[in-house]
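Start counting at 1 in the sequence shown, then tack on 1, and there's your number in this note's numbering. The C-beta atom is built at its ideal place from N, Cα and C for all residues, glycine as well. Just so it is clear, the structure is predicted and the values come from calculations on it, not from any experiment.
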Amino acid sequence: MIRHLVLFKLNEGVGRDDPRAVAGAQAFSALRDQIEELRFWECGWNITDRPIAYDFAINSAVEDRDALKRYLEHPAHQAAAAQWREFGTWVIADYEF
């Protein structure tokens with residue numbers, strides 16, 4: 002199995018109540034039911050206000066590298082990621098477990 006972690010940081014001046022951020026979070030939340038490669042899926046807004054904290058997180062798992070590639074290339078994933086490019090940045094980590 003491969004864990005796929007993503008941490009998002011909203012751009013300066015963008016709040017989580019910004020309509021773009023709301024739509025972006027909804028787009029990622031909906032992936033759970035749209036991409037069959039996902040074996041585990043959770044996402045949500047950060048609940049702490051520490052300065053080093055990111056704003057939104059995705060914790061997911063897929064079977065193997067091929068499944069990760071299919072997930073990343075899936076049109077629904079591409080559309081969700083494209084929304085976030087307009088108002089945020091992110092870091093990722095993919096590891097086997």
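Burial state of residue i, where buried means 16 or more other Cβ atoms lie within 10 Å
{"i": "T7", "result": "As written in the sequence, residue 7 is Val, which differs from the Thr given in the question. With 16 or more other Cβ atoms within 10 Å, it is buried."}
{"i": "I89", "result": "In the sequence as displayed, the identity of residue 89 is Gly instead of Ile. Classification for G89: buried."}
{"i": "I59", "result": "buried"}
{"i": "I53", "result": "exposed"}
Given residue i as reference, the closest of the options once Cα atoms are compared
{"i": "R33", "options": "R66, Y72, D19 and R17", "result": "Y72"}
{"i": "N12", "options": "I53, I93, F41 and R86", "result": "R86"}
{"i": "A26", "options": "Y55, T49, R40 and G45", "result": "G45"}
{"i": "D19", "options": "F98, D56 and H75", "result": "D56"}
Through-space distance from residue j to residue i, alpha-carbon basis
{"i": "A68", "j": "E38", "result": "6 Å"}
{"i": "R4", "j": "V92", "result": "14 Å"}
{"i": "F9", "j": "R21", "result": "14 Å"}
{"i": "R17", "j": "S30", "result": "15 Å"}
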